[in-house]
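Q: For the sequence shown, the working numbering gives the first residue as 2, with consecutive numbering after it. Where is the CB? At the ideal position from N, CA and C, for every residue including glycine. Here you go, one structure.
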Amino acid sequence: MQIKRNILLNPGPATTTDSVKMAQVVPDICPREEEFITVMRELRTDLLKIVHGDPVKYTSVLFCGSGTINIDICLNSLLPESGKILIINNGAYSARAVEICRYYGLPHIDLRFPEDERPVLSEVEQVLKNNPDIALVHTTHNETGTGILNPIREIGELAHKYEAVFTVDTTSTLAMRPIDIERENIDFCMASAQKGLMAMTGLSFIIGNRSIIEKSKDYKKRSYYCNLYLQYKVFEETGEMHFTPPVQTVYAASQALKEYFAEGEIEKWERHRRVFEEIHAGLKKLGFKNLIRKEWQAGLVVSVLYPDDANWDFDKIHDYCYERGFTIYPGKVSDINTFRLCSLGAIDREDIVDFFSVFEESLEKYHVSLPVKYNS
Ligand SMILES: *Cc1c(COP(=O)(O)O)cnc(C)c1O
2 MQIKRNILLN PGPATTTDSV KMAQVVPDIC PREEEFITVM RELRTDLLKI VHGDPVKYTS
62 VLFCGSGTIN IDICLNSLLP ESGKILIINN GAYSARAVEI CRYYGLPHID LRFPEDERPV
122 LSEVEQVLKN NPDIALVHTT HNETGTGILN PIREIGELAH KYEAVFTVDT TSTLAMRPID
182 IERENIDFCM ASAQKGLMAM TGLSFIIGNR SIIEKSKDYK KRSYYCNLYL QYKVFEETGE
242 MHFTPPVQTV YAASQALKEY FAEGEIEKWE RHRRVFEEIH AGLKKLGFKN LIRKEWQAGL
302 VVSVLYPDDA NWDFDKIHDY CYERGFTIYP GKVSDINTFR LCSLGAIDRE DIVDFFSVFE
362 ESLEKYHVSL PVKYNS
């Protein structure tokens with residue numbers, strides 16, 4: 002079967018290999034069969050390996066849903082009744098965590114920083130010091146809306162100093178930027194299969210500290226379907242998901258993990274880095290400016306400022322590129338117009354070179370002046 006290859010420069014779902022796509026085509030199987038349980042067992046073990054987690058101390062729990070389900074589950078499941086959540090918020094994904102707290106009515110502090118800046122650690126510490134009831138600290142590793150990398154190791158150290166659990170949304174770094182769960186002071190991290198793993202949508206997972214999950218057994222249950230302890234318990238007892246798993250998506254993720262280990266942690270990260278550098282080189286040549294200082298970028302998402310040109314029309318440029326197999330993506334910043342080019346997925350430098358020739362063609366076609374202009 003010939004499958005058209007699209008280059009997705011959006012921040013996930015990412016371009017996948019044909020072997021991962023085809024891994025979904027399997028004989029029908031009831032997911033309660035031992036054969037399928039074995040696939041999930043290996044998947045859980047492999048996910049732990051990605052973050053170098055000691056299987057005695059850490060575990061991984063799978064869920065059926067998009068990545069947001071992980072944030073929902075961590076926040077609603079890991080908060081003791083007397084505690085409060087601190088969200089360190091400098092972007093759209095931490096803002097989503099704040100929204101989850103609001104929906105569940107969870108006591109929380111929304112500690113905000115500008116979207117184009119890193120959190121100030123002394124302010125984080127001050128809040129922790131002033132609020133001894135903070136039981137959980139949450140932030141985002143790579144704020145996918147802007148591409149800024151947050152100092153999770155330092156935040157985790159502070160969280161632990163004040164005896165809080167540290168949960169990190171690593172959805173847009175895990176299986177790309179190397180992560181050592183223990184060294185980064187992470188109690189729980191998370192991702193979904195369609196991002197760093199370069200697999201399919203619909204499967205998400207939380208990797209974290211077993212004893213903290215065990216301790217949450219008696220915490221207030223705020224959701225039935227989305228509770229970490231309940232899902233963990235069923236996995237430990239039966240190796241299965243509590244309810245029906247996304248069977249074909251699990252097969253694709255299992256193949257993607259084989260390909261992850263075959264490519265290698267460092268080699269894969271180097272590939273994403275060279276794609277990222279090629280994106281920067283192409284943008285620079287055309288005169289585009291970044292929203293985030295390059296040294297603060299996580300190496301996976303480039304947030305680009307719209308040029309000041311009456312002929313610039315993101316949708317037209319998008320459509321031109323899309324028709325030629327390249328997907329570019331709008332920005333996710335509150336009050337500045339940006340678009341994003343990302344280095345996720347099964348792509349390499351040549352794909353970016355090809356993209357920029359199409360992108361430049363589209364700018365010329367719509368008479369955007371080159372190099373692009375900015376008023377300030
Ligand atoms: C993609 C992503 C998510 C999950 O978003 P969904 O819309 O649920 O797929 C969560 N956090 C971050 C940082 C992400 O990049």
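With a CB to CB cut of under 7 Å and the five nearest residues on each side skipped, what residues in its chain are close to N312?
A: Here the question's residue 312 lines up with position 311 in the sequence shown. Once the five neighbours on either side are set aside, the close Cβ partners of N312 are Y367, H368 and V369.
Q: Under 8 Å: do the region 103-123 and the region 59-70 share three or more Cβ pairs, one atom per stretch?
A: With a cut-off of 8 Å, the region 59-70 and the region 103-123 do not count as touching, because too few Cβ pairs lie within range.
Q: For the pair the region 82-91 and the region 126-145, tell me if three or more CB-CB distances fall below 8 Å.
A: These segments touch.
Q: Have a look at E35, D134 and L175 and flag the residue whose alpha-carbon is nearest the alpha-carbon of G54.
A: In the sequence shown, the residue the question calls residue 54 occupies position 53. The shortest Cα separation from G54 among E35, D134 and L175 belongs to L175.
Q: Roughly how many angstroms lie between the CA atoms of I348 and I8, to the nearest whole one?
A: Counting from one through the sequence shown, the residue named residue 348 turns up at place 347. Counting from one through the sequence shown, the residue named residue 8 turns up at place 7. Computed Cα separation, rounded: 7 Å.
Q: Between which two residues does the alpha helix (DSSP H) harbouring H273 extend?
A: Position 272 of the sequence shown, counted from the first residue, corresponds to residue 273. Element bounds for H273: E266 to L287.
Q: Alpha carbon to alpha carbon, how far is R325 from L287?
A: Locating residue 325 in the sequence shown gives position 324, where the first residue counts as 1. Locating residue 287 in the sequence shown gives position 286, where the first residue counts as 1. Spanning the two alpha carbons is a distance of roughly 20 Å.
Q: What residues are listed by DSSP as bridge partners for A192?
A: As a working mapping, residue 192 is identified with position 191 in the sequence shown. Paired residues: F206.
Q: Could you check which residue in D219, P246 and G197 has the C-alpha nearest to that of G203?
A: For this step, residue 203 is matched to residue 202 along the sequence shown. Out of D219, P246 and G197, P246 has the C-alpha closest to the C-alpha of G203.
Q: Is H243 helix, strand or coil when you go by DSSP?
A: Locating residue 243 in the sequence shown gives position 242, counting from the first residue. Correct three-state label for H243: coil.
Q: Could you pull out every residue in the same chain whose Cβ sits closer than 6 Å to the Cβ of F114, ignoring the five residues on either side in sequence?
A: Counting from 1 along the sequence shown, the entry for residue 114 is found at position 113. For F114, where only same-chain residues beyond five positions count, the Cβ hits under 6 Å are N91 and P120.
Q: Where L284 and E34 are concerned, what is the direct C-alpha to C-alpha distance, given to the nearest angstrom?
A: By one-based count along the sequence shown, residue 284 stands at place 283. By one-based count along the sequence shown, residue 34 stands at place 33. Computed Cα separation, rounded: 51 Å.
Q: For I318, collect the residues of the same chain with a Cβ closer than 6 Å to its Cβ; drop the 5 residues on either side in sequence, then sort them by chain order.
A: One-based indexing of the sequence shown puts residue 318 at position 317. Excluding positions up to five away in sequence, the list reads S363.
Q: Give the secondary structure of C31 by DSSP, where H, G and I count as helix, E and B as strand, and everything else as coil.
A: Within the sequence shown, residue 31 is the residue found at index 30, counting from 1. It is coil, neither helix nor strand.
Q: Identify every residue that forms a DSSP beta bridge with H161.
A: In the sequence shown, residue 161 corresponds to position 160, counting from 1. For H161, which the question treats as bridged, DSSP gives no partner whatsoever.
Q: Using the C-alpha atoms, what's the distance from Y59 back to K50?
A: Within the sequence shown, numbered from 1, the residue matching residue 50 stands at position 49. Within the sequence shown, numbered from 1, the residue matching residue 59 stands at position 58. Whole-angstrom Cα-Cα distance: 10 Å.
Q: For ligand 1, any of its heavy atoms closer than 7 Å to the Cβ of Y94?
A: Stepping through the sequence shown from its first residue, residue 94 is reached at position 93. Yes, since a heavy atom of ligand 1 falls inside the 7 Å radius drawn around the Cβ of Y94.
Q: With a threshold of 16 other CB atoms inside 10 Å of the CB of M378, please say whether the residue is buried or exposed.
A: The requested residue 378 is not part of the displayed model; the chain covers only 2 to 377.
Q: Let me make sure I understand the geometry here. Which of G146, I153, N71 and A98 has the alpha-carbon closest to that of V125?
A: Numbered from 1 along the sequence shown, position 124 holds the residue referred to as residue 125. Selected option, being the one with the closest Cα: I153.
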